[in-house]
Structures are given as C-alpha cells and as structure tokens.
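*Asks:* Same order as they appear, the protein sequences are chains A and B. In this text, residue positions in the first sequence follow numbering that gives the first Met the number 0: the first is 0, and each later residue adds one. In this text, residue positions in the second sequence follow numbering that gives the first Met the number 0: the first is 0, and each later residue adds one. For every residue, glycine included, the Cβ atom is placed at its ideal position computed from N, Cα and C.
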Amino acid sequence: MKYRKWSAVLLAAGVVASLGACASGGGDSADGPQKLTMLIGSSGDAETSAVESATTAWAADNNATVEVIAASDLTQQLSQGFAGDDAPDVFYMGWDQFSTYASNGYLEPYAADLANAGEFYPSLVDTFTYDDTFTCAPKDFSTLGLIINTDLWAAAGLTDADVPTDWDGLEAVATKLTTPTTVGLSFGLEYARAGVFMNQAGGQLVDGDTVVADSDENVAGLEYLQKLHDAGVLKWPSEISAGWAGEALGAGKAAMVIEGPWIKGIQGDFPDTNYAAFELPAGPAGPSTFTFTNCWGIPANSDTKDAAVSLVEFLTSDAQQLAAADAFGVIPSTESGAAEYATKYPENASFVAGADYAVSPVNFAGSATVISDFNAQLESLIGGDAKQILGTLQTNLQAALDEANGN
Amino acid sequence: MGPTILIIRSNLTRESAMAQSLRGTTFRGRGIRGAEARYGWAFVAPAILIIGVFLVIPIFLALFVSFSNWNGLGSPLNNSALVGVDNYAKVLVEPGLAQRDFGLSIRNNLYYVIIVVPLQTALALFLAVQVNRRILRGRGFFRTAFYFPSVTSSVAIVTIFIFLFTASGAVNAILGFFGADGPNWFADPSGIIHNLLAGVGVTSAPDALLAAGPLGLDWWSWLSGPSVAMCVLIILAIFTTSGTFMLLFLAALQNVSGDIDEAAMVDGAGPFRKFFSVTLPMLKPTLFTVLTLGLIGTWQVFDQIYLTGKGAPGKTLLTPAYLAYDTSFKGLNWGEGAAISFILFIIIVSFTLLQRYVLRDRDLGRSGERRAAKREKQFRNEAAVGAAQIARKQEDSISQGERR
Numbered sequence: 000m001k002y003r004k005w006s007a008v009l010l011a012a013g014v015v016a017s018l019g020a021c022a023s024g025g026g027d028s029a030d031g032p033q034k035l036t037m038l039i040g041s042s043g044d045a046e047t048s049a050v051e052s053a054t055t056a057w058a059a060d061n062n063a064t065v066e067v068i069a070a071s072d073l074t075q076q077l078s079q080g081f082a083g084d085d086a087p088d089v090f091y092m093g094w095d096q097f098s099t100y101a102s103n104g105y106l107e108p109y110a111a112d113l114a115n116a117g118e119f120y121p122s123l124v125d126t127f128t129y130d131d132t133f134t135c136a137p138k139d140f141s142t143l144g145l146i147i148n149t150d151l152w153a154a155a156g157l158t159d160a161d162v163p164t165d166w167d168g169l170e171a172v173a174t175k176l177t178t179p180t181t182v183g184l185s186f187g188l189e190y191a192r193a194g195v196f197m198n199q200a201g202g203q204l205v206d207g208d209t210v211v212a213d214s215d216e217n218v219a220g221l222e223y224l225q226k227l228h229d230a231g232v233l234k235w236p237s238e239i240s241a242g243w244a245g246e247a248l249g250a251g252k253a254a255m256v257i258e259g260p261w262i263k264g265i266q267g268d269f270p271d272t273n274y275a276a277f278e279l280p281a282g283p284a285g286p287s288t289f290t291f292t293n294c295w296g297i298p299a300n301s302d303t304k305d306a307a308v309s310l311v312e313f314l315t316s317d318a319q320q321l322a323a324a325d326a327f328g329v330i331p332s333t334e335s336g337a338a339e340y341a342t343k344y345p346e347n348a349s350f351v352a353g354a355d356y357a358v359s360p361v362n363f364a365g366s367a368t369v370i371s372d373f374n375a376q377l378e379s380l381i382g383g384d385a386k387q388i389l390g391t392l393q394t395n396l397q398a399a400l401d402e403a404n405g406n
Numbered sequence: 000m001g002p003t004i005l006i007i008r009s010n011l012t013r014e015s016a017m018a019q020s021l022r023g024t025t026f027r028g029r030g031i032r033g034a035e036a037r038y039g040w041a042f043v044a045p046a047i048l049i050i051g052v053f054l055v056i057p058i059f060l061a062l063f064v065s066f067s068n069w070n071g072l073g074s075p076l077n078n079s080a081l082v083g084v085d086n087y088a089k090v091l092v093e094p095g096l097a098q099r100d101f102g103l104s105i106r107n108n109l110y111y112v113i114i115v116v117p118l119q120t121a122l123a124l125f126l127a128v129q130v131n132r133r134i135l136r137g138r139g140f141f142r143t144a145f146y147f148p149s150v151t152s153s154v155a156i157v158t159i160f161i162f163l164f165t166a167s168g169a170v171n172a173i174l175g176f177f178g179a180d181g182p183n184w185f186a187d188p189s190g191i192i193h194n195l196l197a198g199v200g201v202t203s204a205p206d207a208l209l210a211a212g213p214l215g216l217d218w219w220s221w222l223s224g225p226s227v228a229m230c231v232l233i234i235l236a237i238f239t240t241s242g243t244f245m246l247l248f249l250a251a252l253q254n255v256s257g258d259i260d261e262a263a264m265v266d267g268a269g270p271f272r273k274f275f276s277v278t279l280p281m282l283k284p285t286l287f288t289v290l291t292l293g294l295i296g297t298w299q300v301f302d303q304i305y306l307t308g309k310g311a312p313g314k315t316l317l318t319p320a321y322l323a324y325d326t327s328f329k330g331l332n333w334g335e336g337a338a339i340s341f342i343l344f345i346i347i348v349s350f351t352l353l354q355r356y357v358l359r360d361r362d363l364g365r366s367g368e369r370r371a372a373k374r375e376k377q378f379r380n381e382a383a384v385g386a387a388q389i390a391r392k393q394e395d396s397i398s399q400g401e402r403r
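#1: Enumerate, from N- to C-terminal direction, the unbroken beta strand (DSSP E) stretches of 3 or more residues contained entirely within the segment 209-277 of chain A.
#2: Nearest-angstrom Cα distance between K138 of chain A and F42 of chain B?
#3: Put F301 of chain B into one of helix, strand or coil per three-state DSSP.
#4: DSSP on W94 of chain A, reduced to helix/strand/coil?
#5: Pick helix, strand or coil for M197 of chain A, following the three-state DSSP scheme.
#6: What did DSSP end up calling I345 of chain B once you bin it into helix, strand or coil?
#7: Check each residue of the segment 95-115 of chain A: if its Cβ is closer than 7 Å to any Cβ of chain B, include it; give the result in chain order.
#8: For T12 of chain B, which residues of its own chain have a beta-carbon under 8 Å away from its beta-carbon, when the five flanking residues on both sides are left out?
#9: Shorter than 9 Å from the beta carbon of P182 of chain B to some beta carbon of chain A?
#10: Based on the DSSP output, what are the partners of T36 of chain A in its beta bridges?
#11: Y190 of chain A and F350 of chain A - do their beta-carbons sit closer together than 9 Å?
#12: Report yes or no: is there a C-beta of chain B within less than 9 Å of the C-beta of W235 of chain A?
#13: Note down, in chain order, each residue of its chain lying with its Cβ closer than 6 Å to the Cβ of T272 of chain A, except the 5 sequence neighbours on either side.
#14: Determine the direct distance from the alpha carbon of S65 of chain B to that of I346 of chain B, and round the result to whole angstroms.
#15: Run through DSSP, which three-state label would P137 of chain A get?
#16: Going straight from the alpha carbon of R379 of chain B to that of A123 of chain B, what length do you get?
#17: Along chain B, which residues have their Cβ under 7 Å away from the Cβ of T368 of chain A?
#18: So L72 of chain B contacts chain A; which residues on that side make the cut at Cβ distance below 7 Å?
#19: Taking the alpha carbon of N254 of chain B as the reference point, which residue from B:I237, B:G267, B:P284 has its own alpha carbon closest?
#20: What separation, rounded to the nearest whole angstrom, lies between the Cα atoms of G80 of chain A and Y129 of chain A?
#21: Since A348 of chain A and A341 of chain A should fall inside the 8 Å C-beta cutoff, what is the C-beta to C-beta distance between them, to a whole number of angstroms?
#22: Just the Cα atoms here: how many angstroms apart are W152 of chain A and G251 of chain A?
#23: Going straight from the alpha carbon of T333 of chain A to that of D165 of chain A, what length do you get?
#24: Can you name, in chain order, every residue of its own chain whose Cβ lies under 6 Å from the Cβ of A385 of chain A, other than the five neighbours on each side?
#25: Do you know offhand how far F238 of chain B's Cα is from L118 of chain B's?
#26: Which residues in the same chain as K175 of chain A place their Cβ atom closer than 6 Å to its Cβ, once the five residues preceding and following it in sequence are excluded?
#27: Less than 9 Å separating the beta-carbons of A173 of chain A and A254 of chain A?
#28: Does any residue of chain A bring its CB to less than 9 Å from the CB of D100 of chain B?
#29: Starting from the beta carbon of P312 of chain B, find every residue of chain A whose beta carbon is closer than 9 Å, and list them in chain order.
#30: Drop a sphere of 10 angstroms on the beta-carbon of D206 of chain A, count the other beta-carbons inside from all chains shown, and report buried for 16 or more, exposed for fewer.
#31: List the residues of chain A whose Cβ lies closer than 7 Å to the Cβ of A179 of chain B, in chain order.
#32: Whose Cβ in chain A lies nearer than 9 Å to the Cβ of P188 of chain B?
#33: Starting from S316 of chain A, find everything on chain B with Cβ-Cβ shorter than 8 Å and list it in chain order.
#34: Given this structure, state the Cα-to-Cα distance separating S316 of chain A from N115 of chain A, to the nearest angstrom.
#35: Just mark E394 of chain B as buried or exposed, buried being the case when its beta carbon has 16 or more other beta carbons within 10 Å.
#36: Hey, does T74 of chain A have any beta-carbon neighbour from chain B nearer than 9 Å?
Following this line, the structure appears as structure tokens:
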C-alpha cells in the first residue's frame with residue numbers, strides 16, 4: 000500500500016510540475032506597448048530587414064512592438080504554433096496552403112473590412128477567397144515570364160523582333176539557341192510550370208464542381224512539352240546539373256527559362272549574366288500565365304486581431320508595398336501600386352503585364368497532396384503517356400474536390 | 000479520549016501485523032530496511048518524471064490523436080472528436096491517394112530495410128574482424144577512419160552525396176572514365192528490378208502482375224525494386240552506420256578470449272571454420288543488438304528523405320516516417336499522420352519479434368530439448384556402432400591370434 004501512495008504522490012507532483020512548465024507566460028499585462036509577433040518565410044536578409052523596418056515604423060505610431068521571425072520552414076513552424084495555441088499574430092500564408100488553413104478554421108476573415116480591400120487585383124482576391132469570404136489581404140504577387148539570356152540570344156543571331164509570341168516561335172528560337180553546351184529552354188517539370196502550357200492550350204483543371212483535368216486541351220499542353228524535349232531543345236534543370244532553372248540560366252546551361260521576378264536573386268551568384276524578362280508566348284488558346292502570391296494571415300479569434308489588422312492595412316498600402324518592391328523585387332498586390340512599379344522597373348514590366356490574364360494555380364482544401372502526386376507522375380512524362388498521367392490526376396483531384404465540397 | 004483511542008488503534012495494528020507475520024505473510028515497508036523503498040522512489044523520481052512527461056504522456060496523446068479528427072488547432076484533448084478507426088482505414092483499406100501513398104512508402108522502405116540491414120551488419124562484422132586482427136598495423140587509425148562517418152552529421156553527408164551523385168558529378172565522371180554512362184542518380188525514379196527486366200526485354204508488366212496487390216499498388220509496382228535514387232541512399236546508409244555497429248562487434252570480439260581461438264586451431268579448424276563455428280556463435284547477443292538497432296533505424300529513415308527532395312523522384316523516396324510528417328504538418332491531417340506512425344510502430348515491433356524468433360537460442364525450450372535428445376540419440380547410436388566395431392576388431396585380432 001505504501002508504495003502505491005508514494006508513487007501516486009510523485010506522479011501527481013510530476014504532472015502538476017509539467018503542466019505548470021507548459022503554460023508559459025499566459026498573462027501579458029494590458030497596459031504598456033502591445034507585443035506582436037510576425038512569422039515570415041523570408042527569401043533572404045534583404046527581405047527580413049525590409050519587413051523589420053516597415054513594422055518598426057508602424058509600431059512607433061501605434062504604441063506597440065513587433066518581433067519579426069524569419070522561419071526556416073514556414074509551414075512546419077505555423078503548424079506547431081497553431082497546435083500549441085501559440086500562433087504568431089501575423090504571418091505569411093502561401094497560396095498553396097491557404098485553402099487547407101481556411102477550411103480548418105485557422106484564419107480570421109478580416110480582409111473584406113480593410114479600407115483598401117477594393118484596390119487589390121481581382122485574381123488575387125479570388126485566390127484568397129474561401130467560402131465566398133475574402134479572407135486575407137494579398138501581400139504581393141509574381142507571375143511567370145520567359146527569361147532570356149541576352150548574350151546567348153545575340154550570339155545566336157537573334158534580335159528583339161524574334162522574341163517568341165506563340166508556341167511555334169518558342170520552338171524555333173529554342174532550336175536556334177540549343178548548342179552542345181547550352182539547351183534552348185529549361186524549367187522544372189512540375190504543375191506550376193507545365194500547367195501554364197495546359198492553360199495556354201485551352202485546358203483547365205476544375206470547372207465549377209467538376210474536375211476536367213483529362214481534357215484534350217490539357218493533353219495537348221503536355222504533348223507539346225514532350226515534343227520539345229524529344230527534339231532536345233527543352234531539358235529539366237536536373238538533367239543539366241542545375242538545382243533550379245535560375246541556376247541553369249545564370250551558369251549559361253540554358254538560354255531561356257520560365258521563372259518569375261525572383262530571378263533577380265541569381266545576380267549574387269552570377270553577376271556577369273545578362274538577361275531580360277518577356278511575357279510568355281501565347282498558346283493555341285491565347286496567352287496564360289500563373290500568379291503566385293502570399294497573403295498576410297491572422298489567426299482566428301486572436302486577442303491581438305485589431306492591432307494585427309491595422310498593421311496589415313499599413314503594410315499593404317501602396318507606399319509600403321513599393322518600398323518592399325525596392326528592397327526585394329516583389330510586385331505590389333494593388334493595381335495602382337503595380338502600375339507604378341511597372342514604370343519604375345521597366346525590366347519587370349512584363350511580369351505586371353502578365354497579371355491581366357494570369358490565373359491562380361488550382362487551390363482548394365486537399366488539392367496540395369494531389370498536385371504533389373501529379374508532380375511525381377510528371378516525372379514519367381518523357382517516354383510516358385500524357386493522357387494516362389492526366390487520367391490519374393483526374394481521379395485523384397475529383398476525389399479531393401468531392402471531399403472538400405462534402406465538408 | 001483521543002490519545003487512548005490512538006493507542007488502542009496502534010496496538011491493534013501491531014497485533015494484526017504480528018498476526019500477519021505469524022500467518023507467514025510478510026509485512027512490507029517495516030524493519031531495518033523499511034525506509035529504503037521510500038528513498039529508492041525518491042531517487043528514480045526525476046527519471047520517471049522526465050520519461051512520463053516527455054515519452055509516456057505524448058505517446059498516449061498521439062495514440063488518442065490517431066483515433067480522432069484533430070486538425071491541429073489548439074490542444075487535441077478538447078478540440079477534437081473520436082472517429083474510431085477512420086484514420087487507419089484511410090491509409091490501409093480505402094482506395095485513394097492516401098492509401099496509395101502509404102503503399103508506396105511501405106514498398107520503398109521495405110526494399111531499403113531488406114538491403115541495408117544485412118549488408119550493414121555484414122560489413123560492420125567484416126570491418127570489426129579486420130580491425131581486431133593482431134597483425135594489422137595502424138589498427139587505431141583504421142578504427143577511427145571506419146568510425147568517422149558515424150560521428151559526422153548525417154545532414155553533411157547527405158549534402159555531399161547529393162553533390163557526388165548529380166548528373167555531372169564526381170561519380171558519373173569516374174564512371175565516364177571507364178566508358179560507362181552513369182544515370183542521373185537522384186532524379187531517376189526507375190526501379191532497379193524493372194531496369195534489370197528491361198535489360199532482358201521485359202519493359203511492361205505481364206498481365207498477371209497488373210492485378211491489384213495490397214495497399215492500392217499493383218504487383219508490378221511492388222516488384223519494382225528500389226529506385227536508382229533509393230540505391231544512393233542505401234549506399235549512404237551502409238556507409239554511415241556500419242562504423243557504429245563495427246564498434247559494437249569490436250567490443251564483443253575483444254571479449255572472446257584467445258584460448259578459445261587456440262583451442263579451435265588445435266582441434267584443426269581453419270580460419271573460416273573457426274569464424275563461422277566458434278567466433279560467430281559467441282557474437283550472437285551482439286548480432287541481435289545490431290540487427291535490432293538496424294531494423295529500427297532503417298524503418299524510421301527521415302532526414303535523408305527530407306534533404307533529398309521530400310520523396311522525389313516520383314515518390315520513390317517516400318517513407319512512412321516522412322509521410323507521417325508530411326500528412327500532419329503540410330496536410331493538417333494529424334489523425335492520419337499519427338495513424339501512420341502507429342502502423343510503423345507495429346511494423347517495427349513485428350520485425351524485431353521475427354528476428355528474435357529466428358535468432359533464438361536453440362538450446363533452450365522444448366525445441367531445444369528435442370534437439371538435444373536427438374543429438375544424444377545420434378551420439379549413442381554412433382557410440383554403439385563404434386563399440387561394435389572395436390569389439391569386432393578385437394575379436395578379429397583374437398581369432399587371428401588363435402589362428403597363429
């Protein structure tokens with residue numbers, strides 16, 4: 000009997016001690032400056048310090064302090080924060096995870112009430128609308144463009160007039176630019192790139208409540224890529240020993256790549272590479288590109304919601320967005336801001352022009368798993384059957400869509 | 000009033016204690032060593048506390064999550080509902096992407112385990128025997144060299160391997176020097192058994208193998224073998240872990256005394272016979288340890304997968320441990336992720352039990368007795384035959400002597 004009593008006492012003491020240790024610092028005092036934490040997925044020091052100075056400016060006017068944390072793995076750290084009831088007050092929310100988070104009730108739908116809610120690009124508002132509610136404010140966006148190594152372009156005897164505007168033109172210049180050491184065109188084989196060609200051929204993945212992934216148009220888009228690869232004028236970065244297409248462009252292993260404004264980042268590693276960005280060539284069904292974007296997420300039912308919304312309103316103002324553009328090259332998410340950006344940075348004007356017809360990649364709760372499976376299937380595209388790959392996508396995506404709608 | 004009652008009661012307890020001890024039952028916690036138990040508990044309390052808080056409670060919480068629909072928001076205890084075995088059903092029996100992913104991860108990891116565990120154990124044993132030889136010069140150097148990969152961070156080694164095995168990396172350069180055309184290692188999702196079959200002209204599945212196998216994969220996919228990319232990770236695992244296990248074998252080898260070796264030599268055993276019939280049986284407990292640790296480690300492979308592209312190429316590097324992480328943190332299906340972890344736990348336990356059964360001590364238990372009886376019978380038979388022969392020889396010599 001004695002043993003049991005002692006062990007019970009010890010166990011109870013242990014549980015109490017551990018629970019006490021877990022409930023760390025619950026009571027922030029109401030007076031004094033309000034403390035906010037912000038979790039960002041930063042592209043580098045330039046971005047982190049720009050966000051820090053912007054938040055400091057807001058904090059000074061609003062009797063608050065903002066701690067900016069640059070995440071090493073944003074999704075994982077966010078999940079941990081939410082699971083531990085310790086979510087950051089403001090955070091970057093990627094387009095690909097947005098619906099999953101919104102459908103699980105993680106996000107505060109604040110964006111519709113923002114003073115500048117009407118100024119964002121409609122396609123961005125669409126991306127961050129869940130259940131007919133504009134949930135969170137787009138932070139910035141990027142579109143895909145055709146980035147050309149201008150030195151290799153000139154060396155192949157091509158001029159500005161030769162910049163491709165359709166698929167045939169793209170194939171022609173890619174063929175001309177291909178040499179034994181350089182491939183004409185390169186980009187990572189994934190939905191975020193191949194999907195553009197499917198859209199340009201007139202396809203789409205979801206039409207209302209039905210998935211139409213295995214349409215003839217989508218097949219045509221993938222078969223065009225097969226054709227270019229078979230001709231040897233298109234290679235994936237992994238085939239030419241590059242980590243990503245930007246590295247292939249910088250190192251001169253590829254003459255053209257399909258990337259976004261973040262291509263600026265290669266300047267550090269390859270300062271001598273000259274390049275220019277153009278709109279993507281149009282397909283049989285017209286021009287199309289993808290838009291990628293982040294929004295400012297605010298956790299649902301947060302105590303600091305009012306302060307966080309005020310901070311987001313400040314950060315999405317044209318002035319602040321242009322300051323961010325200066326610092327790390329993203330495009331402002333408001334139409335007026337983007338227009339000013341295009342005049343200020345003519346070399347990136349083509350990315351802004353793409354926004355007029357850009358669509359967001361498919362994105363509903365549970366679609367991310369299916370898309371990553373599609374990316375894995377795409378690896379068998381060369382020498383494989385495009386129709387079969389899209390058939391698998393059709394089945395999986397329809398199942399995921401039904402489940403998302405069923406909830 | 001009060002004190003009297005107390006005295007009476009204490010008398011009563013003492014009497015009942017005496018009665019108990021008279022009846023032969025021991026009354027614990029009294030006597031000269033009575034306080035020892037109390038101190039014992041006090042001394043192990045910190046360990047119990049730490050294990051309880053950081054191991055036992057989380058494991059039971061995870062078990063709870065695996066039966067719930069927790070979506071990762073707040074504490075699972077008051078933010079979720081129990082959904083029975085739904086999470087387990089989703090990955091095990093319901094056809095769909097979740098089941099297929101789980102099937103792929105099990106296939107990949109199974110090939111990884113089947114190849115890595117025997118090879119790393121054999122290599123570790125081989126290295127230990129070599130390093131243990133008395134005539135080898137610079138034993139200390141080799142011991143350190145072989146152990147070095149084990150103490151280096153696996154992240155660093157994986158990063159180096161990624162560079163070595165790129166399409167135009169060092170490995171392919173060496174292969175090119177010998178005229179061979181190396182594959183694009185980390186980007187090649189083709190299974191090596193499929194590749195071997197393609198070498199003899201079989202490029203697509205025979206109809207019999209296209210039938211659906213377990214976990215949503217057809218048998219042709221199950222028989223793909225590890226992908227080329229997985230082979231690199233297999234080489235990496237053998238390279239890094241054999242050093243650790245070499246150290247375990249080395250410690251065991253140094254406990255095998257020289258007398259036994261000499262006795263075996265006197266009995267006429269050659270080096271191979273000596274190793275397989277004398278040394279190896281003496282290393283059996285260590286062998287068990289090494290195999291168990293190897294099984295656990297290989298089924299839980301995670302960091303290599305995280306670093307080499309999250310399951311790419313073609314999901315052939317997906318493993319259950321990584322899938323559980325991905326399902327939980329990226330897909331926010333925490334219940335499903337926890338269910339995968341517990342299925343993995345059951346797999347590891349059953350593999351360990353299986354190898355314990357295979358490596359069991361054959362001299363013990365009923366089967367051991369049967370074997371011993373059989374051997375004794377055989378021995379008696381031989382002895383009887385031998386005795387008869389001797390007797391016959393003696394008779395012969397006697398009769399020969401008589402004839403003379």
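*Replies:* If we stick to the structure as given:
#1: Restricted to the segment 209-277 of chain A, the beta strand (DSSP E) segments that are unbroken, complete and at least 3 residues in length are 253-258, 274-277, listed in chain order.
#2: Whole-angstrom Cα-Cα distance: 56 Å.
#3: If DSSP states are grouped into helix, strand and coil, F301 of chain B belongs with coil.
#4: W94 of chain A carries a helical assignment under DSSP once its states are collapsed to helix, strand and coil.
#5: Helix.
#6: In the structure shown, the three-state DSSP call for I345 of chain B is helix.
#7: If the cut-off is 7 Å between Cβ atoms, the segment 95-115 of chain A has T99, N103, G104, Y105 near chain B.
#8: With a pLDDT of only 46 at T12 of chain B, under 50, the local geometry of the prediction cannot be trusted, and the value read off the model is given with reservation. Correct list: empty, nothing qualifies.
#9: No, because no Cβ of chain A sits closer than 9 Å to the Cβ of P182 of chain B.
#10: Under the DSSP definition of a beta bridge, T36 of chain A partners with A:E66.
#11: Cβ atoms of F350 of chain A and Y190 of chain A: not closer than 9 Å.
#12: Yes, contact with chain B.
#13: Cβ-Cβ distances below 6 Å link T272 of chain A to G249 in the same chain, with the five nearest sequence neighbours on each side left out; the list follows chain order.
#14: The alpha-carbon atoms of I346 of chain B and S65 of chain B are separated by roughly 16 Å.
#15: The three-state secondary structure of P137 of chain A, taken from DSSP, is strand.
#16: Straight-line spacing of the CA atoms in R379 of chain B and A123 of chain B works out to 41 Å.
#17: Listed by position along chain B, the residues whose Cβ is nearer than 7 Å to that of T368 of chain A are L96, G330.
#18: One finds F81, N103, G104, Y105 in chain A with Cβ atoms closer than 7 Å to the Cβ of L72 of chain B, taken in chain order.
#19: The shortest CA-to-CA distance from N254 of chain B to any of B:I237, B:G267, B:P284 is the one to B:P284.
#20: Roughly 22 Å between the two C-alpha positions.
#21: The Cβ separation is near 4 Å, so the contact holds.
#22: When rounded, the distance between both Cα atoms is 11 Å.
#23: C-alpha separation (whole angstroms): 29 Å.
#24: Excluding residues up to 5 positions away in sequence, V218, L221, E222 lie with their Cβ nearer than 6 Å to the Cβ of A385 of chain A in the same chain.
#25: C-alpha separation (whole angstroms): 10 Å.
#26: Cβ neighbours of K175 of chain A beyond the five flanking positions: A155.
#27: The answer is yes: Cβ separation under 9 Å.
#28: Output row for D100 of chain B: interface = yes.
#29: Residues of chain A passing the Cβ test: S237, A375, E378.
#30: When all chains shown are included, D206 of chain A counts as exposed.
#31: Going along chain A, no residue has its Cβ under 7 Å from A179 of chain B, so there is no contact; the nearest lies around 18 Å.
#32: Neighbours of P188 of chain B on chain A, chain order: A375, E378, S379.
#33: Under the 8 Å cutoff, chain B gives no residues; its nearest Cβ is about 31 Å from S316 of chain A.
#34: Taking the CA atoms as reference points, S316 of chain A sits about 8 Å from N115 of chain A.
#35: Counting Cβ neighbours within 10 Å, E394 of chain B comes out exposed, since fewer than 16 surround it.
#36: Residue contact check for T74 of chain A against chain B: a CB pair falls below 9 Å.
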